[in-house]
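For the sequence shown, full-length UniProt numbering assigns the number 1 to the initial residue and increments by one for each residue that follows. Right, one structure below, let's go through it.
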Amino acid sequence: ICDAFDDVTIAMRPLFSEKDQQKKEEFAKEFICEALPRLMSAIDKLVTKDDPKFCVGNSMSIADLTTFNMFSWLKSGRIPGLPKDCTDQFKNLTRVFETVRNHPKVVEWHTKHQPL
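As structure tokens, then:
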């Protein structure tokens with residue numbers, strides 16, 4: 001799961017590196033319509049159905065924290081051309097994101113360091 005999120009990050013590089021605004025906008029549309037759904041759907045299917053809260057197993061793992069970090073970034077509104085709701089269609093990953101976001105230790109950390 002963690003490596004699959006790396007693929008999403010790699011696919012997004014032109015959103016940050018492209019200098020030509022028109023090309024950047026075209027790439028953003030392509031990324032939102034094609035690459036993001038393809039990559040995220042594949043990751044969403046990897047999430048186990050055995051436990052409704054976590055990516056794998058019955059406790060939080062690095063996969064859950066990676067999901068939380070990726071979704072926080074994708075939903076932040078700080079990525080050029082990417083709407084904040086771009087992850088809403090990925091139900092399994094959204095469930096994991098919400099579980100981690102509401103975990104007492106995560107809430108505690110964010111309260112001290114970086115408000116959610």
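Every residue, glycine too, gets a C-beta built ideally from N, C-alpha and C.
For this session: Figure out for me which residue from Val56, Leu65, Phe90 has the closest Cα to the Cα of asparagine 102.
Result: If you number the sequence shown from 1, residue 102 lands on position 102. Out of Val56, Leu65, Phe90, the CA that lies nearest to the CA of asparagine 102 is found in Leu65.
Exercise. In terms of residue numbering, what span does the alpha helix (DSSP H) encompassing glutamate 25 cover?
Worked result: For this step, residue 25 is matched to residue 25 along the sequence shown. Residue range 21-30 is occupied by the alpha helix (DSSP H) that includes glutamate 25.
Exercise. DSSP on threonine 48, reduced to helix/strand/coil?
Worked result: Position 48 of the sequence shown, counted from the first residue, corresponds to residue 48. In the three-state DSSP reduction, threonine 48 falls in the coil class, being neither helix nor strand.
For this session: Go to threonine 111, then tell me how far its alpha helix (DSSP H) extends in each direction, as first and last residue.
Result: For the purposes of this step, residue 111 is taken as residue 111 along the sequence shown, with counting starting at 1. Counting along the chain, the alpha helix (DSSP H) containing threonine 111 begins and ends at 104-113.
For this session: Please report the Cβ distance between valine 100 and threonine 67, rounded to the nearest whole angstrom; I am assuming they are in contact, meaning their Cβ atoms lie under 8 Å.
Result: Residue numbering aside, residue 100 sits at position 100 when the sequence shown is read from its first letter. Residue numbering aside, residue 67 sits at position 67 when the sequence shown is read from its first letter. Indeed, because the Cβ distance is near 7 Å, the residues count as touching under 8 Å.
For this session: Would you identify the three-state DSSP class for serine 17, choosing helix, strand or coil?
Result: The sequence position of residue 17 within the sequence shown is 17, counting from 1. Helix, per DSSP.
Exercise. In the structure shown, what three-state DSSP assignment does asparagine 92 receive?
Worked result: The residue you call residue 92 lines up with position 92 of the sequence shown. Shown here, asparagine 92 sits in a helix according to DSSP, grouped into three states.
Problem set entry | Touch test, the stretch 12-27 against the stretch 51-61, Cβ-Cβ under 8 Å, three pairs minimum | With the cut-off at 8 Å, the stretch 12-27 and the stretch 51-61 do not touch.
Exercise. Under 9 Å, do leucine 39 and valine 8 count as touching if we go by C-beta distance?
Worked result: As a first step, residue 39 is located in the sequence shown; it is residue number 39 there, counting from the start. As a first step, residue 8 is located in the sequence shown; it is residue number 8 there, counting from the start. Less than 9 Å divides the Cβ of leucine 39 from the Cβ of valine 8.
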